[in-house]
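Notes follow once the structure below has been shown.
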Amino acid sequence: MDIAGELQQMEYLWSIIDAMGDMVRVITKEGRVAMANAAYDHGVNGKTLGQRCYEVFGQDGECETCISREVMQTGRPSQRTRYFNGKTFSITASPIKNDAGECLAVVQVARDMTLDYNIKQNLLRQNAKMKRDLHMARQLQQALVKNVLPVVEGYQLHSGFFPCEAVGGDIYDCMRFGNKLVLYIADVSGHGVMPAMLAVFFSRAVRTACSLGKLLPSDIFRYVQEEYRGLGMSDAVYITAFIVVLNVKTGAIAYSNAGLSVVPILYDGEYVRELYMSAQPISQWFDEPVFLDEYAKLVPGGRILLYSDGIRDLQSDLRVQYRLYDYFSRSDFECADFIGTVKRELHTRPEDDLTLLLLTREN
1 MDIAGELQQM EYLWSIIDAM GDMVRVITKE GRVAMANAAY DHGVNGKTLG QRCYEVFGQD
61 GECETCISRE VMQTGRPSQR TRYFNGKTFS ITASPIKNDA GECLAVVQVA RDMTLDYNIK
121 QNLLRQNAKM KRDLHMARQL QQALVKNVLP VVEGYQLHSG FFPCEAVGGD IYDCMRFGNK
181 LVLYIADVSG HGVMPAMLAV FFSRAVRTAC SLGKLLPSDI FRYVQEEYRG LGMSDAVYIT
241 AFIVVLNVKT GAIAYSNAGL SVVPILYDGE YVRELYMSAQ PISQWFDEPV FLDEYAKLVP
301 GGRILLYSDG IRDLQSDLRV QYRLYDYFSR SDFECADFIG TVKRELHTRP EDDLTLLLLT
361 REN
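Pasting the structure below:
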């Protein structure tokens, strides 16, 4: 190819480089700008040809970690992130070598990464905030479930709370009002801060209802439902719960369900009975939800278990259910051993919190 043809080819190649959106420049061994495309000159607001590479950025000398000097010395490409005029640039420098492998110059390609950088920083800030919120939610949840259970003559109360990694909305409590013992377990849909806050709401609403003399489970649920309606929550959010009210003098119990999918169980000294009730959860789904009461008796030597849906395959595998009922009805039953066994044997690979609230009546 003749000289004219080579020049024409070089002009064609440079026209392609000049049309690139990325900023491209060539730096000589002496650190001067030998070539720069239109995007580079536009990006630094002026012609850069012949200038020292650092003069473009208004500096008096080379950067301490000069990328061009590094590439000249090593003969290998390198990459840096640089900030200029409020923008963030990703700069890649590559050596230009002759046939002998000698480095003659360095070509730099700079890409404006400001938008990507800002998005990344925003995501990092949001992630940090989310971690703080989740930590707060976990503390809230732990505070709600570590309440000291009341001491009731003739009865024993035990509990177990085994959280999964995600912060859920499991909560339980037991309160005494005169001769009535009110115990419940509840689960707010979802994971994170919102379920933890709604668990606080549920706990407060139940206590308020009881202090107002509403000591039938259905009355408590109706009060909580009315309070919940005032929150204006989305239809996607709901609370499931099961409440038991025990007369500590007689052992008579009243119970009601608000959509809890797992069925509490009662052992009467001979058989395990399921306290099954079909009911809707605390939600915005119905204008006038119906909550009903049913009745049973906790005899001396009997026990009742309220628990959440953290037992894997409980509702899909009858063998799991049979194992739970077998543990619960053993003649050598011990509360602490039972809770430990359920955690160890039935809460494998937990995908949800497991919460247990156990009440036994002494012989």
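Quick note: the sequence shown uses this note's numbering, first residue 1, plus one each step. Yeah, the Cβ is synthetic: ideal placement off N, Cα and C, and Gly gets one too. Computed from a predicted model, the values in this text were never measured in an experiment.
Nonlocal neighbours in the same chain, by C-beta distance under 8 Å from residue i, ignoring five residues either side
i: residue 249; result: 179
i: residue 215; result: 177, 180, 182 and 245
Residue i classed as buried or exposed, judged by whether at least 16 other C-beta atoms fall within 10 angstroms
i: residue 209; result: buried
i: residue 257; result: buried
i: residue 20; result: exposed
i: residue 259; result: buried
i: residue 309; result: buried
i: residue 328; result: buried
i: residue 11; result: exposed
i: residue 355; result: buried
Beta-carbon contacts of residue i that lie in its chain and below 6 Å, excluding the five residues immediately before and after
i: residue 358; result: 158, 305 and 335
i: residue 246; result: 181 and 253
i: residue 302; result: 267, 268, 269 and 361
For residue i, the first and last residue of its enclosing beta strand (DSSP E)
i: residue 49; result: That residue, residue 49, is in no beta strand (DSSP E); it is neither H nor E in DSSP.
i: residue 304; result: 303-307
i: residue 23; result: 23-28
i: residue 104; result: 103-112
Residue i, DSSP secondary structure in three states
i: residue 237; result: coil
i: residue 276; result: coil
i: residue 259; result: strand
i: residue 329; result: coil
i: residue 92; result: strand
i: residue 294; result: strand
i: residue 33; result: strand
i: residue 79; result: strand
i: residue 360; result: strand
i: residue 211; result: helix
i: residue 341; result: helix
i: residue 244; result: strand
i: residue 252; result: strand
i: residue 318; result: helix
i: residue 159; result: strand
Bounding residues of the alpha helix (DSSP H) (the contiguous stretch that carries residue i)
i: residue 219; result: 217-229
i: residue 73; result: 67-74
Own chain partners of residue i with C-beta closer than 7 Å, once the 5 adjacent residues on each side are dropped
i: residue 38; result: 18
i: residue 274; result: 263 and 265
Original post:
Which parts of the segment 162-209 are runs of the alpha helix (DSSP H), unbroken and 4 residues or longer, counting only runs that do not cross its ends?
Top reply: none
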